[in-house]
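Right, one structure below, let's go through it.
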Amino acid sequence: MRRLLMVGAAVAAVACGKSKETKPVDSLAAALPPGHVPIDQPPGASALSVLGQALVDSGNTAFREKKFDLALDFYRKASESDPTHAAPWFGTYMVGQAIKNTALADSALAMVRARAPEMQARPGGAPALPPGTPAPFSPHRDVKSPGTTS
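With my numbering, letter number 99 in the sequence shown gets 1350, and the count goes up by one each step, no holes.
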């Protein structure tokens, strides 16, 4: 039995030593899969700074783990780091939706729309709705405004 274990360990050691080495990649394009089509940034859109991207990524991770307070903190810091970018506000919108805080979600969505107006038009799709019109899938369409009766 001991001899069998020794032979097995020797085979494993030899197999590990002959593993295929991966070649280093010179560029991002070389690392992408064949046929990858990059998505161009819309004209006039701003790129997130490295810090802003890290904060948004941390917020996204906290959101996936349902740590909504922590996610909001990361998105707030990201919006302070990159005040003209829509991504931190979209994360805030998603948190608002998740915790069912419509005031937070609506105000964050307004910030997204103010920072990314190019995202309002849908190329090849239905035209953008006039400002203030709820989308057909809006969770707010059946909600009555305060003071209305029916």
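Where is the CB? At the ideal position from N, CA and C, for every residue including glycine.
Keep in mind that this is a model prediction, so the values were computed, not measured.
Pro1368 and Glu1316 have their alpha carbons spaced roughly 30 Å apart. A distance below 7 Å between beta-carbons, with the five flanking residues on each side excluded, links Leu1321 to the following residues of its chain, in chain order: Ala1313. Annotated as proximal: Gly1342 and Val1307, with beta-carbon spacing under 8 Å.
Cβ atoms of Gly1303 and His1336 come within 8 Å of each other, at about 6 Å.
Judged by DSSP secondary structure, Gly1303 falls within the alpha helix (DSSP H) whose first and last residues are Val1301 to Arg1315. Membership of Asp1320 in the alpha helix (DSSP H) is indicated by the continuous run Phe1319 to Ser1332. Distances from the CA of Leu1323 to each of Ser1332, Leu1360, Pro1339 and Ala1305 were compared; the closest alpha carbon is that of Pro1339. Around the CB of Val1363, 16 or more other CB atoms lie within 10 Å, so the residue is classed as buried. Secondary structure at Gly1347: helix, using DSSP grouped into helix, strand and coil. In the structure shown, Pro1285 adopts coil according to DSSP, grouped into three states.
The shortest CA-to-CA distance from Ser1332 to any of Gly1286, Ser1358 and Ala1298 is the one to Ala1298.
Around the Cβ of Ala1356, a 10 Å sphere holds 16 or more other Cβ atoms; the residue is buried.
If the five residues before and after Arg1366 are omitted, its C-beta is found closer than 7 Å to the C-beta atoms of Thr1335, His1336, Ala1337 and Trp1340, all from its own chain and listed in chain order. Boundaries of the alpha helix (DSSP H) harbouring Thr1353: Thr1353 to Arg1366, taken from the DSSP string.
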